[in-house]
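Read top to bottom, the protein sequences are chains A and B. The first sequence begins at 1 in full-length UniProt numbering and counts up one residue at a time. The second sequence begins at 1 in full-length UniProt numbering and counts up one residue at a time.
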Amino acid sequence: MKKCEAFIIGGSAGSLEVLLKVLPLIDPAITFPIVIVIHRKHGTDSLLPDLLSSRTTLRVKEVDEKEVLAAGTIYIAPSDYHLLIEQDHTFSLDYSEKINYSRPSIDATFQTAAEVYKDKLVCLLLSGSNSDGVNGLKMVKFWNGLATIQDPETAQVAYMPAQAKLLVKIDRVLRIEDVAEFINSLNFI
Amino acid sequence: MNLDAPVISDEQVEILLSDLLEQYGYDFTGYSRASLKRRITRLYSLDKALSFAEFRYKVNNDSAYFKRFVEQITVNVTEMFRDPQFFKTLRDEILPKLGTYPLIRIWIAGCSTGEEAYSISIILKELNLLHKSLIYATDLNPAVLEKAGLSMFAMSQMKQYSENYILSGGIKDFSSYYTANYSLAKFDSELKSKIIFSTHNLVSDHSFNEFQLILCRNVLIYFDRELQHQVLDLFDESLEDLGYLALGTKETVDFSGISKKYKRLQGNKIWRKTT
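Shown next as structure tokens:
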């Protein structure tokens, strides 16, 4: 693992409460961007960034297309678009078919980020009830990034991280209370 | 996509794009690469190509496969009355205003399989404006236009479309607009009577008329900044003074050369051209 240049969190059912616990503990001086892709209902756009923003002093914003990923910012994937990352470290949006019944799909973001950031990427898959993100973690491993999951035993819905544990060589299994410390530690690699 | 390893490299994407340009005159070089690469990889796996060389050969030499290739690498996902709030604004504000013109000309750029064109046609009909409207619905892809011309959509979508229609301010029974035919809903031919489906490539084709309303929703997201600006210039040339330009929820005219001339309607991704 080289120095982390992007940290991407994917989650579905039961992942919001993890984020609400973790975000207040994240070091405001982190040297990489955090991207959050969680499944949610279409049409509730403005609520999630506001909610998460209330839990941290870091800048939280919904992604605008073509925006350059900047360190110390927490980006939220817009609802009903796939969020992709380009070779020039900008975001792009895509309204193609749902993947794993999901748009945004965690796989799409993990996979495109893996090809861009390679061994400077860390991905974390949280609680959820489908297997979105599992193929993405495989691609993260292929490009020598770090694949991590929420400990299924601490997950409200264990299926998603459990599937990842079953099918991907996971680097770290994190309990909820260890997530923030792990993210902060990446600052010093 | 069930892939443990990438099958198409960035370099191979560039090779295919320059083939398309040289062989067929289709210029995709201004498209954002991440999405294109995913679409190409998906098609490669879907069609179980044996090697990149074989895949490339087919794209270059088999015209039927080339058609499939273009259809598959462009995104053709759309729905009727998508973002109902947007269609409510069209119904309540924009189209009644355009109703004062003797002829209403609307351009739907990148119309794909036509769902938006039929949605607007339905609103125009309910506003009693359809008889004096013309909707130009264009796409670069002849295959989707053929489908659009059939006025048939999957029955399985109708529940969703009906909900969207009601949320957008529709007051009729949505099912009165189509007849069910097994798995397909066939829409009234009257709705199609004022729609002209035609190929037009936003990258390479010019302005072809002047409009009072241009819709281009969720098309610019696939273009790089330079191409976005070029296409916005094309829209500017094709829009009458005081005309309206509607983009997708995550698209904007900000940062482009035309932004100064355009005033955004509050709460919507709709801009009005000022003189």
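All residues carry an ideal CB built from backbone N, CA and C; glycine is no exception.
Distance between residue j and residue i (C-alpha atoms, nearest Å)
| i | j | result |
| --- | --- | --- |
| Tyr165/B | Glu115/B | 12 angstroms |
| Met1/B | Val18/A | Unreliable positioning characterises Met1/B in this predicted model, as indicated by a pLDDT of 46, which lies under 50. The coordinate reading is nonetheless provided below. Each residue's alpha carbon lies about 28 angstroms from the other. |
| Lys111/A | Leu93/A | Reading the sequence as shown, one finds Gln at residue 111/A and not Lys. Cα to Cα, the separation comes out at about 14 angstroms. |
| Pro33/A | Lys37/B | 24 angstroms |
| Phe223/B | Tyr182/B | 38 angstroms |
| Asn209/B | Ser175/B | 34 angstroms |
| Ser9/B | Ile15/B | 10 angstroms |
| Asn141/B | Cys111/B | 10 angstroms |
| Ile196/B | Arg105/B | 11 angstroms |
| Met80/B | Phe153/B | 10 angstroms |
| Val253/B | Ser79/A | 21 angstroms |
| Leu215/B | Ala71/A | 36 angstroms |
| Leu126/A | Gly99/B | 52 angstroms |
| Leu23/A | Ser54/A | 10 angstroms |
| Asn130/A | Pro161/A | 9 angstroms |
| Glu62/A | Tyr31/B | 23 angstroms |
| His206/B | Leu234/B | 7 angstroms |
| Ile221/B | Asp173/B | 34 angstroms |
| Leu47/A | Ala109/B | 31 angstroms |
| Phe211/B | Ile135/B | 10 angstroms |
| Thr29/B | Glu115/A | 20 angstroms |
| Tyr26/B | Arg225/B | 19 angstroms |
| Asp64/A | Pro102/B | 39 angstroms |
| Ser168/B | Arg91/B | 8 angstroms |
| Lys165/A | Glu163/B | 40 angstroms |
| Phe142/A | Val134/A | 13 angstroms |
| Ile40/B | Phe91/A | 19 angstroms |
| Asp132/A | Ile171/B | 38 angstroms |
| Ser18/B | Ser204/B | 15 angstroms |
| Leu167/A | Leu16/A | 24 angstroms |
| Phe7/A | Val35/A | 6 angstroms |
Proximity winner among the options, relative to residue i (alpha-carbon distances)
| i | options | result |
| --- | --- | --- |
| Ser185/A | Pro28/A, Leu20/A, Ser15/A | Pro28/A |
| Leu20/B | Ser63/B, Gly257/B, Ile122/B, Glu79/B | Ser63/B |
| Leu174/A | Leu124/A, Asn144/A, Val134/A, Gln163/A | Leu124/A |
| Ser256/B | Leu245/B, Lys263/B, Arg272/B, His229/B | His229/B |
| Val219/B | Ser119/B, Gly170/B, Lys250/B | Lys250/B |
| Met158/B | His131/B, Phe187/B, Ile135/B, Thr138/B | Phe187/B |
| Tyr178/B | Ile270/B, Met155/B, Phe52/B | Met155/B |
| Thr78/B | Asp139/B, Asp236/B, Lys273/B | Asp139/B |
| Ser45/B | Lys260/B, Val7/B, Lys192/B, Ala148/B | Val7/B |
| Arg33/B | Pro104/A, Ala113/A, Gly11/A, Lys3/A | Ala113/A |
| Lys97/B | Glu146/B, Leu124/B, Arg82/B, Gly169/B | Leu124/B |
| Pro104/A | Thr56/A, Leu83/A, Ile176/A, Gly136/A | Leu83/A |
| Lys147/B | Glu126/B, Lys192/B, Asn128/B, Ile120/B | Lys192/B |
Residue i, buried or exposed, once every other Cβ within 10 Å from all chains shown has been counted against 16
| i | result |
| --- | --- |
| Gly267/B | exposed |
| Asp88/A | exposed |
| Lys41/A | exposed |
| Ala108/A | buried |
| His200/B | buried |
| Tyr262/B | buried |
| Ala180/B | exposed |
| Val68/A | exposed |
| Tyr160/B | According to the sequence displayed, residue 160/B carries Gln and not Tyr. Gln160/B comes out exposed. |
| Asn61/B | exposed |
| Thr113/B | buried |
| Thr154/A | buried |
| His39/A | buried |
| Ser86/A | Note on residue identity: the sequence assigns Glu, not Ser, to residue 86/A. By the neighbour-count rule (16 or more Cβ atoms within 10 Å), Glu86/A is buried. |
| Lys194/B | buried |
| residue 282/B | As displayed, chain B neither begins before 1 nor continues past 275, which places residue 282/B out of reach and without an answer. |
| Arg59/A | exposed |
Residue i: first and last residue of the uninterrupted alpha helix (DSSP H) it sits in
| i | result |
| --- | --- |
| Ile104/B | Ile104/B -> not in any alpha helix (DSSP H); beta strand (DSSP E) instead, spanning 104–109. |
| Gln23/B | Unbroken run through Gln23/B: none, as it is neither H nor E. |
| Asp178/A | 176–185 |
| Lys97/B | 95–98 |
| Thr89/B | 84–89 |
| Phe55/B | 52–61 |
| Leu16/A | 16–22 |
Where the beta strand (DSSP E) through residue i begins and ends
| i | result |
| --- | --- |
| Phe187/B | 184–187 |
| Arg38/B | It is not in any beta strand (DSSP E) - Arg38/B instead sits in the alpha helix (DSSP H) that spans 33–46. |
| Arg264/B | 262–264 |
| Phe211/B | 211–216 |
| Asp241/B | 239–247 |
| Lys273/B | 270–273 |
| Leu121/A | 121–125 |
8 angstroms Cβ cutoff, residue i in contact with chain C
| i | result |
| --- | --- |
| Ile85/A | Looking for chain C here will not work: the only protein chains present are A and B. |
Exercise. Which residue spans inside the segment 142–168 of chain A form an unbroken alpha helix (DSSP H) run of at least 4?
Worked result: 159–167
Problem set entry | Within the segment 105–181 of chain B, ranges of the beta strand (DSSP E) (whole runs, at least 3 residues) | 133–139, 152–154, 178–181
Problem set entry | 4-residue-minimum alpha helix (DSSP H) runs that sit fully inside the segment 70–119 of chain A, ordered along the chain | 106–117
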